[in-house]
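Colleague:
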Amino acid sequence: MPFIAFVGRGRSVNLESGIPSADLPRLTPSLVGAMDTPEYPMEGAENALKAYFEQSRSYLEGFGDYDKLVSNYEFVHDITPRLAEADFIQENGPERLEFKRGLIATLDKHARPGVVIASSSSGLPSSDFIQQCKRDSTRVLIGHPFNPPHLIPLVEVVPHIGTSSESVNTALNFYRSVGKRPILLHHEVPGFVSNRLQAAINNEAYSLISRGIVSAEDLDAAVTSGPGLRWALTGPIATNALGGGGGPEGFLQRMERLGPAIRGWEDDILKHRFDWSQQRMLALQESVNKSLGAVQWDKLVKERDLVLLQLLAAKEKMASMSIPSGH
Numbered sequence: 087m088p089f090i091a092f093v094g095r096g097r098s099v100n101l102e103s104g105i106p107s108a109d110l111p112r113l114t115p116s117l118v119g120a121m122d123t124p125e126y127p128m129e130g131a132e133n134a135l136k137a138y139f140e141q142s143r144s145y146l147e148g149f150g151d152y153d154k155l156v157s158n159y160e161f162v163h164d165i166t167p168r169l170a171e172a173d174f175i176q177e178n179g180p181e182r183l184e185f186k187r188g189l190i191a192t193l194d195k196h197a198r199p200g201v202v203i204a205s206s207s208s209g210l211p212s213s214d215f216i217q218q219c220k221r222d223s224t225r226v227l228i229g230h231p232f233n234p235p236h237l238i239p240l241v242e243v244v245p246h247i248g249t250s251s252e253s254v255n256t257a258l259n260f261y262r263s264v265g266k267r268p269i270l271l272h273h274e275v276p277g278f279v280s281n282r283l284q285a286a287i288n289n290e291a292y293s294l295i296s297r298g299i300v301s302a303e304d305l306d307a308a309v310t311s312g313p314g315l316r317w318a319l320t321g322p323i324a325t326n327a328l329g330g331g332g333g334p335e336g337f338l339q340r341m342e343r344l345g346p347a348i349r350g351w352e353d354d355i356l357k358h359r360f361d362w363s364q365q366r367m368l369a370l371q372e373s374v375n376k377s378l379g380a381v382q383w384d385k386l387v388k389e390r391d392l393v394l395l396q397l398l399a400a401k402e403k404m405a406s407m408s409i410p411s412g413h
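Last residue of the sequence shown? That's 413 in the numbering used here, and every number before it is there in order.
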């Protein structure tokens, strides 16, 4: 197995938010660390990582000896002297452009020639932060995982215009080898793919709640008890093809049949786009508090992760079915 270096604390103050960008049980051995800076000190980060592994114990024990799996990780406060050992680097620095530019430049300076540097950036394209690379910016790309990253298979691979095809193929093959489902974006676009889809849905969701059309609780149910169930299996494109009668031709039939109505909805959606003013956001927060204030969030996370594991196990069986699972 390749030797992997995870670098950074992730987008939050918790180191573990950025660590498991690949399937933990399949990723061995690995080095975890960062450049300790006044702005992002590493104090407490090692304990945070250990706590994260302990929280994931039930998941990890399903793959074998927990202690052996966890021992594959070595934590260091300063990863710089060890970067030359890495066969693949996953950068998890905060989503701040100037900081990321400096971090990527440091990784480029110390990594061995040809080693891919993948950034977990959730929206910044890599072309924005390669300017300070002095050795080889062609090996830098985006490898964006999704939360919870130890469960969600998706990784968005986004090269910049100068990224080499060899680096792209190396990243795709690496993520597949550790149980992820990478998708390749052929051009950079702000927010990439899945976050743009989420942004479009969230914008309309916020608008509908703010206008008093639906409660936050029922808005979530509109997704989780409706199209979300289908999207988890077939995605929006195949779902539309099925809605048109099945087969690729069903997609066009559905577009032709629903197109006029959808264009009308789009006009209304644009007319009532969510107003991102502080006043509107606070009003939306009040609505969310009323609908979801009684939720036990720690319990919800555990239950969500359990059901996610069951869903992923079910999707594994789709390879022998006619459902286009995307595997």
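In this text, a Cβ means the ideal position worked out from N, Cα and C, and glycines have one as well.
Report all residues from its chain with a CB closer than 7 Å to the CB of residue 418; omit the five preceding and five following residues, and keep chain order.
Modeller: Absent from the structure is residue 418, since the part of the chain shown begins at 87 and ends at 413.
Colleague: Please check the pair residue 316 and residue 330, which I expect to be a contact at CB under 8 Å, by giving their CB distance rounded to whole angstroms.
Modeller: The Cβ separation is near 14 Å, so there is no contact.
Colleague: Buried or exposed: which applies to residue 144, given that a residue is buried once 16 or more other Cβ atoms fall within 10 Å of its Cβ?
Modeller: exposed
Colleague: Please state whether DSSP places residue 93 in a helix, a strand or coil.
Modeller: Note: residue 93 maps to strand in three-state DSSP.
Colleague: Which residues mark the beginning and the end of the beta strand (DSSP E) in which residue 204 is found?
Modeller: 202 to 205
Colleague: In or out: residue 354 buried (at least 16 other Cβ within 10 Å) or exposed?
Modeller: Exposed, by the Cβ-count rule.
Colleague: Alpha helix (DSSP H) containing residue 313: first to last residue?
Modeller: 313 to 329
Colleague: Should residue 194 and residue 223 be called a contact, given that it needs their Cβ atoms to be closer than 8 Å?
Modeller: yes
Colleague: Using the beta-carbon count (16 or more within 10 Å), is residue 399 buried or exposed?
Modeller: exposed
Colleague: Kindly give me the distance between the Cβ atoms of residue 263 and residue 366, rounded to whole angstroms, as I take these residues to be in contact under 8 Å.
Modeller: The C-beta separation of residue 263 from residue 366 comes to about 45 Å, leaving the pair out of contact by the 8 Å criterion.
Colleague: Whose CA, out of 402, 247, 288, lies closest to the CA of residue 275?
Modeller: 247
Colleague: Leaving out the 5 sequence neighbours to the left and right, which residues in its chain are closer than 7 Å to residue 378 when beta-carbon positions are compared?
Modeller: 302, 303
Colleague: With distances taken between CB atoms, is the gap from residue 201 to residue 174 smaller than 8 Å?
Modeller: The answer is yes: Cβ separation under 8 Å.
Colleague: Using CA coordinates, which residue listed in 180, 152, 161, 196 is at the minimum distance from residue 169?
Modeller: 196
Colleague: Put residue 161 into one of helix, strand or coil per three-state DSSP.
Modeller: Strand, per DSSP.
Colleague: Just tell me which of 343, 253, 326 has its CA closest to the CA of residue 337.
Modeller: 326
Colleague: Please state whether DSSP places residue 379 in a helix, a strand or coil.
Modeller: coil
Colleague: Could you work out which residue in 226, 284, 309 is closest to residue 245 when comparing CA atoms only?
Modeller: 226
Colleague: Helix, strand or coil for residue 458? Go by DSSP, reduced to three states.
Modeller: Outside the displayed range of the chain (87 to 413) lies residue 458, so it cannot be described from this structure.
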